[in-house]
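J.: Handing you a structure now.
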Amino acid sequence: MTVPSVPPTLSGKRPSKLFKNWMAKMASLPMILTALVVFVGGTAWTVTYSFTGSRMLPRTKWVGLDQYERLWSSDRWMISITNLGIYGICSLILTLFIGFTLAACLDRKIRFEGVFRSIFLYPFALSFVVTGLAWQWILNPDFGMQSVVRDWGWTAFNFDPLNNPDIVMFGLLIAGIWQGSGLIMCIMLAGLRGIDEDIWKAAKVDGIGTVKTYIMVVIPMMRPVFVTALVLIAAGIIKLYDLVVAQTGGGPGLSSEVPAKYVIELMFRAQNLGQGFAASTMMLCSVVIILIPWAYLEFGGRKRG
Amino acid sequence: MADLTTNTAAEPRGPKLKKAFSRTNIFLYGTLIMVSMYYLLPLYVMIVTSLKGMPEIRLGNVFGPPMDITFEPWVRAWSEACTGINCDGLSRGFGNSVRILIPSVLLSIAIASVNGYALSNWKFKGSEVFFTILIIGAFIPYQTMLYPIVIMLRELGLMGSIWGLVLVHTVFGMPILTLLFRNYFSSIPEELFKAARVDGAGFWQIYFQIMVPMALPIFVVAIILQVTGIWNDFLFGVIYTKPATYPMTVQLNNIVNSVQGVKEYNVNMAATLLTGLVPLVIYFASGKLFVRGIAAGAVKG
């Protein structure tokens, strides 16, 4: 999860030759190539070509910031960003809340803990495509939940998120949380298990209630766990793609488009490479914006102790 | 909430909590069972739907158990469901997925374990720099690297082939797997490595005779991680393969979301279950190791 910095080794004193450890260097070649060619090279290439007017094939016809101007004046992109914002905020809050609550419940020394944990986590083993298709069926207006509730007698019941542009993102949210909250529960549970039992004894002596102890004492102590969970959820939100393709296909209309889908559609279907590159560069920027404060908290906080 | 507060304050989490039907316990188990229903509902609905005939689906409700169980949807999903003009069912996607999965898992784990070993025992100038780039690279959205990889695969003549996708999976599995192996190998006492060095063992000898046998649990974690990750992949499959080599997830999506013909919900759900079966079996068979794997794998991408 975190990358602990490795202390300098003792071997650094000998005169370092290019052929020292040559076998290790040979063996690391795939890693070096991946890091330099694919990750650094590929990213730099995409960012560079986002300043060109590439259409079907990449061309070096420089157009400055044109692609970005066009991107930000495109309705489809604005819808994508808004959707991701709604989905992101709801997903972040709900996943953290559900994950922590479930973990806290499981940590109360209950019976069948393993069974409950397996139930909460199994959706995480399934792909987003499977998740999306399963929920598409459950939310089907003619045969799914809506029709069942209506058959029970509540005929005015109306819940058809997949065909209603206003609430389609919440249809996705139900499925997304179903798939991903188990992981957060697992991380939170590990965090709770790491908290000293004496805290609870002290809280008891002081007469502080359980819920209050959780909110006032335990959650502040679990800050690093929350930060990790936050980064995981945020990284998952930005790459939201498969779920949308499987569950709604971006519809109805454009009402559930997301940035990751925008990039792929523009690059591989609309044959507008420059737009795709510009949009993916914006995705990269959003990751950087999330990661820098995290790296600062993570590594800056550790020094302070 | 108030009940929870007062009751457990008197008895904080200790073995003393014996009263089976205290209000706290009812609240706790009630919550857990309610939430469990939300998590189990889709699986239940998928299974039930896949065992019904179409007439029954049109009549009844999704939550009802099937009146007369039929396995025909499963057979049809496996061998007859159509994507476009091909009507040979999901079996083709399954075959492709297996042919992608096995080399990808072997190759990515072989490369990553050697990387991790070199990084923890044979540090060389710059090795940590490359590793840091690799880990930072794991956070870059895939979308940023999609097109450059298309160009690379085209140059290599692998675009659209299974081996192209194998290469992509190997590359993108590398950061997390390397981290996993590096951390594990670093925890093995260095004396062991030094003793082997004194005895004259070389790079590969130490790797195969000392490190691999000691790292078997982490190999299992890596296999679980890769098998589920690669099996569930959709993005790379849809971009780097062509219809004849589509993995199962992509084919599934095409079958279910195809606009032609009458929607056969029971066949769709059987197909969805078939696709989810491999990771589900791994999940329920591996238990705690799976948790370890995903905890490590969650940083991916």
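If you read the protein sequences in the order shown, they are chains B and X. Using our numbering, the final residue of the first sequence is 305, and nothing's skipped along the way. Using our numbering, the final residue of the second sequence is 1301, and nothing's skipped along the way. Where is the CB? At the ideal position from N, CA and C, for every residue including glycine.
Any beta-carbon of chain B closer than 8 Å to the one on V1291 of chain X?
T.: Yes, V1291 of chain X lies at the interface with chain B (some Cβ there is under 8 Å from its Cβ).
J.: Report the neighbours of P1141 of chain X on chain B: residues whose CB is nearer than 8 Å to its CB, in chain order.
T.: Within 8 Å Cβ-Cβ: I238, K239, A260, S280, M283, L284 and V287.
J.: List the residues of chain X whose Cβ lies closer than 9 Å to the Cβ of F128 of chain B, in chain order.
T.: In chain order: N1232, F1234 and T1249.
J.: Any idea what DSSP makes of T1049 of chain X, helix, strand or coil?
T.: Helix at T1049 of chain X.
J.: Identify whether N1086 of chain X lies in helix, strand or coil by the three-state DSSP scheme.
T.: Looking at N1086 of chain X - three-state DSSP - the assignment turns out to be strand.
J.: Should P1148 of chain X and T46 of chain B be called a contact, given that it needs their Cβ atoms to be closer than 8 Å?
T.: Yes; because the gap between Cβ atoms is below 8 Å, this pair is in contact.
J.: Of the choices B:T213, B:L192 and B:G194, whose alpha-carbon is the least far from that of A202 of chain B?
T.: Measuring from the Cα of A202 of chain B, the nearest candidate turns out to be B:T213.
J.: Shorter than 8 Å from the beta carbon of G1093 of chain X to some beta carbon of chain B?
T.: No, no contact with chain B.
J.: Would you say the segment 1137-1152 of chain X touches the segment 274-281 of chain B, given that touching needs at least three Cβ pairs under 8 Å?
T.: Flag = yes, the segment 1137-1152 of chain X and the segment 274-281 of chain B touch.
J.: Please report the residue range of the alpha helix (DSSP H) in which W72 of chain B lies.
T.: It spans D66 to W72 - the alpha helix (DSSP H) in which W72 of chain B sits, taken as one unbroken run.
J.: Is it true that the segment 224-241 of chain B meets the segment 174-186 of chain B, where meeting means three or more beta-carbon pairs spaced less than 8 Å apart?
T.: A contact exists between the segment 224-241 of chain B and the segment 174-186 of chain B.
J.: Is it buried or exposed, P123 of chain B, if we count other Cβ atoms within 10 angstroms and call 16 or more buried?
T.: Buried.
J.: Run down chain X in chain order and give the residues with a C-beta less than 8 Å from the C-beta of S256 of chain B.
T.: Correct list: empty, because the minimum Cβ distance to chain X is about 14 Å.
J.: Go ahead and pull the three-state DSSP assignment for G88 of chain B.
T.: Of the three classes helix, strand and coil, the one that applies to G88 of chain B here is helix, per DSSP.
J.: Considering only DSSP beta bridges, list what T52 of chain B is partnered with.
T.: Paired residues: B:W62.
J.: Which same chain residues end up closer than 6 Å to M1174 of chain X when comparing Cβ atoms and leaving out the 5 residues on each side of it in sequence?
T.: Closer than 6 Å at the Cβ level, and outside the excluded window around M1174 of chain X, lie A1112.
J.: Contact criterion: CB-CB distance below 8 Å. Does L1028 of chain X meet it with respect to chain B?
T.: So yes, L1028 of chain X belongs to the interface.
J.: Going along chain X in order, which residues have a C-beta closer than 7 Å to the C-beta of K311 of chain B?
T.: Nothing can be reported for residue 311 of chain B: it is not among the residues displayed for chain B, which extend from 1 to 305.
J.: Would you list the one or two residues that DSSP bridges to T1241 of chain X?
T.: X:G1160, per the DSSP bridge assignment.
J.: Strictly under 8 Å for the Cβ-Cβ distance: is F97 of chain B near chain X by that measure?
T.: Chain X contact via Cβ: absent.
J.: In the structure shown, what three-state DSSP assignment does I187 of chain B receive?
T.: In this structure, I187 of chain B counts as helix in the three-state DSSP scheme.
J.: When the Cα of G1137 of chain X is compared with those of B:L254, B:L297, B:G250 and B:V37, which residue comes out closest?
T.: Among B:L254, B:L297, B:G250 and B:V37, the Cα nearest to that of G1137 of chain X belongs to B:V37.
J.: Taking L347 of chain B as the reference, which of B:L273, B:V263, B:R76 and B:Y87 has the closest Cα?
T.: As displayed, chain B neither begins before 1 nor continues past 305, which places residue 347 of chain B out of reach and without an answer.
J.: Quick one: which chain X residues come within Cβ less than 8 Å of G249 of chain B?
T.: Ordered by position in chain X, the residues that pass the 8 Å Cβ test against G249 of chain B are N1257.
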